[in-house]
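Residue numbers (my numbering): 2 to 315. Positions of the beta carbon are idealized from the N, C-alpha and C atoms, including for glycine. Computed from a predicted model, the values in this text were never measured in an experiment.
See the structure below:
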């Protein structure tokens, strides 16, 4: 990166920074998924684990304290030529002046090097187009565009500039599935494809792939997961990821607790309750239950709890 910096010229005009490179940027060295590409403009430049400077450190706010923390989309990064880029540098609140052009150049170059490549005249921004996941077979080729919150219009590629035509979709209450908006009557040339969508909706459901304008986080599901099972798959992900990451760390702790609990029958019974039994005491953990787990962790099993005789939660 030091060689690139030495061959890079930067100059600022107000809040606009122009970056000129001696040669086109090298290809990104890490694989960027389709979902990450869609969400990339929404990520912030500050403390971003993917964006590192020439020393291998993140672009920290403390180091670039004169630049206001914001998303990459707010920087309006525009590739104006083969080796020329223009971006916006918002001044941080309370900062009297910008960093030097050389420091801004290192900051901008770190962002450009690790970001998905831009085509000439392309801006780093969230695109309004979305994609259907495992769509049915259509008679026409469509471009699906987000026209409002929770509303998508599919327009045939043969007539993209006619807003009155197209297939209207609306997001279901679960936030993942979509349905055909029956209140919007499509033109006759779309009727066959509308019928195909309605059949898919009732048989398998249809889903729009993760997009920052419709989903709050960049979810993903393998292609072999059917549309009707996507929501169930996503709900299981936190448990599956936690199970994989915490399995090794928790195994030793659980073995210690198990050994400790088997010192007495009532301790063992306390740790082998079903969820229904555990929450049967007015849908909350009783003081005695909390006390049992406390002494198990501290391995002080001989402590006496005066409320044991009148507490029937265990």
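| field | Distance CB(residue 94)-CB(residue 42) smaller than 7 Å | value | Using a Cβ distance threshold of 7 Å, residue 94 and residue 42 do not count as a contacting pair.
| request: Sort 190, 6, 51 and 198 by Cα distance to residue 135 and report the nearest one. | output: With distances taken between Cα atoms, residue 135 lies closest to 198.
| said: Among the candidates 133, 124 and 193, whose CA atom is the shortest distance from the CA of residue 141? | reply: Nearest of 133, 124 and 193 to residue 141, Cα basis: 193.
| query | Which two residues bound the contiguous alpha helix (DSSP H) that contains residue 106? | reply | 102-115
| message | Closest to residue 123 by C-alpha separation, out of 86, 175 and 237, would be which residue? | response | It is 86 whose Cα lies nearest to the Cα of residue 123.
| field | Cβ shell of residue 121 (< 8 Å), same chain only, five flanking positions each side left out | value | 80, 81, 82 and 83
| message | So, for residue 191: in the same chain, excluding its five sequence neighbours on each side, which residues have a beta-carbon less than 6 Å away from its beta-carbon? | response | 168
| Test item: CB-CB of residue 111 and residue 60 under 7 Å | yes
| said: Which runs of the beta strand (DSSP E) at least 3 residues long sit entirely within the segment 193-232? Give them in chain order. | reply: 207-209
| request: Please name the residue or residues paired with residue 145 in a DSSP beta bridge. | output: 131 and 155
| said: Rounded to whole angstroms, what is the Cα-Cα separation between residue 10 and residue 216? | reply: 39 Å
| beta strand (DSSP E) runs contained entirely in the segment 67-101, provided each spans 3 or more residues | 85-89
| Alpha carbon to alpha carbon, how far is residue 170 from residue 68? | 40 Å
| Is the beta carbon of residue 147 less than 7 Å from the beta carbon of residue 37? | no
| request: List the endpoints of the continuous alpha helix (DSSP H) containing residue 181. | output: Here residue 181 belongs to no alpha helix (DSSP H); instead the beta strand (DSSP E) covers 178-181.
| said: Measuring only the C-alpha atoms, how far is residue 117 from residue 64? | reply: As the crow flies, the alpha-carbon of residue 117 is around 24 Å from that of residue 64.
| field | Proximal residues to residue 54 (C-beta, below 7 Å), its chain only, five neighbours per side dropped | value | Excluding residues within five positions, the ones whose Cβ falls inside 7 Å are 60, 107 and 111.
| field | Coarse secondary structure for residue 311, derived from DSSP in three states | value | Because residue 311 carries a pLDDT of 49, less than 50, the predicted location of this residue cannot be relied on, and no value is offered for it.
| Can you give the beta carbon distance from residue 178 to residue 151, rounded, assuming they're within the 8 Å contact cut? | Rounded, the Cβ-Cβ distance is 12 Å, inconsistent with contact.
| task | Taking only the alpha-carbon atoms, compute the straight-line gap between residue 266 and residue 254 and give it to the nearest angstrom. | result | Rounded to whole angstroms, residue 266 to residue 254 spans 20 Å at the Cα level.
| query | residue 128: which of 241, 260, 39 and 226 sits nearest, CA to CA? | reply | 39
| field | Distance CB(residue 89)-CB(residue 105) smaller than 7 Å | value | no
| From 234, 220 and 99, pick the residue whose C-alpha is nearest to that of residue 226; which is it? | 234
| said: Taking the beta carbon of residue 311 as the centre, do at least 16 other beta carbons fall within 10 Å, making it buried, or is it exposed? | reply: Because the pLDDT of residue 311 is 49, which lies under 50, any placement of that residue in the model is unreliable, and the question is left without a value.
| Per DSSP, residue 26 is paired with what? | Residue 26 pairs with nothing; no bridge assigned.
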